[in-house]
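Participant: Got a structure for you, written out below as structure tokens; questions coming shortly.
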């Protein structure tokens, strides 16, 4: 039996690719961290380097090549595992903490790109996750517009374009915005929530 706590888990994924063109580019690294609802990692995380097709490597732009050279990833790619093996390991890792399919959302930064590559290259992983995403970049963009001081003082990021480091920075970033932007615990009262809902409905009533 899976309890409520298991249903509150988030699966954080970050991918490194040869580029952003789904038609020709491929995955070269994936990292995964599973957290509870309080953003506490349940394990230090999983990371694997993938050896892509030679044509995908040949297609890498100068910008991407330099990025992977700087991070050290370019030297590890020739020794990476196959895509099939990486998918198997990734799903096996996720299932250790998320035993039921379709329960845990995918979380990360600008996660739409990662999800598109997962859907194409790791469909079993994609299908295991809930269809909803928790995208930290959405909160960041809203904060930039509504709470600029919170946006300006957000922790600096320097993951160096390695997947696991990028994930940990994303988790830290969401933890920051939770404290800086969201209503302090225990959250709004029921009356306050109802009043906010009524206000929002009233505000948008002419357009809906």
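Residue numbers (the working numbering): 881 to 1088.
Glycine included, every Cβ here is placed at the ideal spot set by N, Cα and C.
Using C-beta distances below 7 Å, list every residue in its chain close to residue 967, excluding the 5 sequence neighbours before and after it, in chain order.
Facilitator: 1002, 1004, 1005
Participant: State the start and end residues of the unbroken beta strand (DSSP E) segment that holds residue 992.
Facilitator: Where residue 992 is concerned, there is no enclosing beta strand (DSSP E), although the alpha helix (DSSP H) it sits in stretches over 991-1001.
Participant: Buried or exposed, going by whether 16 or more other CB atoms sit within 10 Å of the CB of residue 1032?
Facilitator: Exposed, because fewer than 16 other Cβ atoms sit within 10 Å of the Cβ of residue 1032.
Participant: Are residue 1030 and residue 1061 close, meaning C-beta to C-beta below 9 Å?
Facilitator: yes
Participant: Find the nearest neighbour of residue 1034 within the set 901, 999, 1055, judged by alpha-carbon distance.
Facilitator: 1055
Participant: Answer with buried or exposed for residue 938, where buried requires no fewer than 16 other C-beta atoms within 10 angstroms of its C-beta.
Facilitator: exposed
Participant: Figure out for me which residue from 909, 1013, 1069, 999 has the closest Cα to the Cα of residue 931.
Facilitator: Closest option to residue 931, Cα to Cα, is 909.
Participant: Specify, as a first and last residue, the run of the beta strand (DSSP E) that residue 909 falls within.
Facilitator: 907-915
Participant: Which partner residues does residue 930 have in the DSSP bridge list?
Facilitator: 961
Participant: Given a cut-off of 9 Å, decide if residue 1047 and residue 957 are closer than it, judged by their beta-carbon atoms.
Facilitator: no
Participant: Tell me, to the nearest whole angstrom, how far the beta carbon of residue 1010 is from that of residue 982; I am working on the premise that it is less than 8 Å.
Facilitator: Separation of the CB atoms of residue 1010 and residue 982 is rounded to 6 Å, and the pair is thereby assigned contact status at 8 Å.
Participant: With C-beta atoms as the reference, is residue 898 less than 9 Å away from residue 944?
Facilitator: Going by C-beta atoms, residue 898 is nearer than 9 Å to residue 944.
Participant: Go through the segment 992-1074 residue by residue and report every complete run of the alpha helix (DSSP H) that reaches 4 residues or more, in order.
Facilitator: 1003-1008, 1016-1026, 1028-1032, 1043-1060
Participant: Let me check understanding here. Comparing Cα to Cα, which of 901, 907, 1079 lies closest to residue 893?
Facilitator: 907
Participant: Can you tell me the Cα-Cα spacing of residue 1079 and residue 1019, whole angstroms?
Facilitator: 21 Å
Participant: From the DSSP output, in three-state form, read off residue 1076 for me.
Facilitator: helix
Participant: Over what stretch of residues does the beta strand (DSSP E) that includes residue 897 continue unbroken?
Facilitator: If you look at residue 897, you'll find it in the beta strand (DSSP E) that goes 890-897.
Participant: Excluding the five sequence neighbours on either side, which residues of its own chain have a C-beta within less than 6 Å of the C-beta of residue 1042, listed in chain order?
Facilitator: Counting only Cβ-Cβ distances below 6 Å, and skipping sequence neighbours, we find 951.
Participant: Residues in the same chain with beta-carbon distance under 7 Å from residue 916, minus the five sequence neighbours each way, listed in chain order, please.
Facilitator: 885, 888, 889, 922
Participant: Nearest-angstrom Cα distance between residue 986 and residue 980?
Facilitator: 14 Å
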